[in-house]
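Counting from 2, one number per residue, gives the positions in the sequence shown under my numbering. Quick reminder that beta carbons are idealized off the backbone N, C-alpha and C, glycines included. Predicted, not measured: the structure shown is a model, and the values here were computed from it. Notes to accompany the following structure.
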Amino acid sequence: MRVGNSYDLHNLIPGEFIYLGGVKIPCQYQVQAISDGDILLHTISEAIIGALGLGDLGEWFDETNVGLSSQVILTKALQLLKDQNYEIANVDSTIIVDRPKLQPHKKNIKDNLVKLLNVNSSQVNIKATTSEQNFPSIIQTYTTVLLIKK
């Protein structure tokens, strides 16, 4: 059994949508990032990589990966997981952002993660909260994963 966790934050800038868990959420922002900015897929991927003892995302992807789909990042993490003969027991994530409000999108995000991770719904938990307007131009995520040997 192995546990991994990850934290990430990015600036929000004017835009038309953000991605969270592979779901496109229309809003007045975009995530300022080198990749497509799916901060949730970033922390899930990095938590998996960390649980396997393989470092962090920066050791696998760098600034040359401009515009990279975060689903490619997740695919790499899942391949590393498979290569070491582990599987996901559960994923627990918290997203912190003032706007857009995420409550209406949580089910779609969770359903898409279940599909992307090839796990049961009971193995994924998504929580959303705000910064109470302390950091209105930032999005943050925390993720913890538990891996078990196959």
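So, using beta-carbon positions, are residue i and residue j closer together than 8 Å?
| i | j | result |
| --- | --- | --- |
| Ile49 | Asp57 | no |
| Ala78 | Val4 | no |
| Val146 | Val92 | yes |
| Lys111 | Ile89 | no |
Given a threshold of 16 other Cβ atoms within 10 Å of its Cβ, counted over all protein chains shown, does residue i qualify as buried or as exposed?
| i | result |
| --- | --- |
| Thr144 | buried |
| Ser46 | buried |
| Thr142 | buried |
| Ser123 | exposed |
| Thr130 | exposed |
| Val125 | buried |
Excluding five sequence neighbours on each side, which residues of the same chain lie with their C-beta closer than 7 Å to the C-beta of residue i?
| i | result |
| --- | --- |
| Val32 | His11, Leu13, Ile19, Gly38, Ile40, Ile140 |
| Lys150 | Asn86, Tyr87 |
Quick one: give me the first and last residue of the beta strand (DSSP E) that residue i is part of.
| i | result |
| --- | --- |
| Gln141 | 139-150 |
| Gly5 | 3-15 |
| Thr95 | 87-97 |
Between residue i and the rest of its own chain, which residues show a CB-CB distance below 8 Å, the 5 nearest in sequence each way excluded?
| i | result |
| --- | --- |
| Leu81 | Ile49, Ile50, Leu53, Leu55 |
Between which two residues does the alpha helix (DSSP H) harbouring residue i extend?
| i | result |
| --- | --- |
| Lys25 | Premise fails: Lys25 lies in the beta strand (DSSP E), 24-27, not in any alpha helix (DSSP H). |
At a cut of 8 Å, does the stretch 59-76 reach the stretch 91-110 through at least three beta carbon pairs?
Counting Cβ pairs under 8 Å, fewer than three are found: no touch.
Determine, using beta-carbon pairs with one atom in the stretch 21-36 and one in the stretch 96-116, whether at least three such pairs fall under 8 Å.
Yes, the stretch 21-36 touches the stretch 96-116.
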